[in-house]
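Reviewing the structure listed below.
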DNA sequence: GTATGGATCTTCT
DNA sequence: GAAGATCCATACA
């Protein structure tokens with residue numbers, strides 16, 4: 009994966025990331041579900057501008073943005089758009105491909121990566137990986153199947169800008185966080 | 001099968 | 001002091 013991939017409109021990157029591979033140590037999975045977030049809409053953390061928390065969103069494309077959700081889960085994002093624009097793609101679900109035993113040990117159950125909080129636990133990704141590079145850091149994203157059929161829908165679990173069709177799933181893939189609506 | 005509530009922490013007001 | 005890009009156990013139909 010190269011830096012130019014992430015320095016594009018965040019919605020394009022979100023669509024193209026489906027089929028790519030996320031790896032952390034011995035564990036890895038194919039991305040089957042993403043959501044795009046952009047500073048221009050209120051569901052995005054960068055909407056409020058630069059703060060201590062959101063600075064990484066405005067930084068180098070291809071950087072990991074990891075934050076704690078509901079006090080319990082770490083959520084993994086890929087910073088997008090040119091430097092200075094606050095945008096990121098949330099990785100919502102993976103199809104596990106390696107390190108399955110490690111994932112099961114961390115999860116303690118068999119649904120390993122079908123949710124944004126679950127996949128970080130399965131991969132062992134935590135807040136320590138925030139602001140690290142997805143190109144050459146501990147968590148990496150690699151090229152995958154660019155021909156994978158993708159469908160778009162509305163985002164999940166948010167209360168603002170709920171109408172934007174910025175969620176992308178691998179069509180028919182059983183590892184998505186929720187069955188495709190409609 | 002759907003519905004509800006609790007866990008627990010970071011950030012910003 | 002409140003809100004939140006979640007997950008899971010439990011209750012009920």
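In the working numbering, the protein residues as written are 9 to 190.
Glycine included, every Cβ here is placed at the ideal spot set by N, Cα and C.
Computed from a prediction, not measured in an experiment: that's the story for all the values here.
In the DSSP assignment, residue 47 is bridged to no other residue. Around the beta carbon of residue 171, fewer than 16 other beta carbons sit within 10 angstroms, so the residue counts as exposed.
Burial of residue 126 is indicated by the presence of at least 16 other C-beta atoms within 10 angstroms of its C-beta. Using a Cβ-Cβ distance cut-off of 8 Å, the region 64–83 and the region 35–54 are in contact, since at least three pairs of beta carbons, one from each stretch, lie closer than that value. Of the candidates 70, 56, 39, 35, 70 places its Cα closest to the Cα of residue 18. Residue 142 is classed as buried because its beta carbon has at least 16 other beta carbons within 10 Å across all chains shown. With 16 or more neighbouring CB atoms inside 10 Å of its own CB, residue 185 falls in the buried class.
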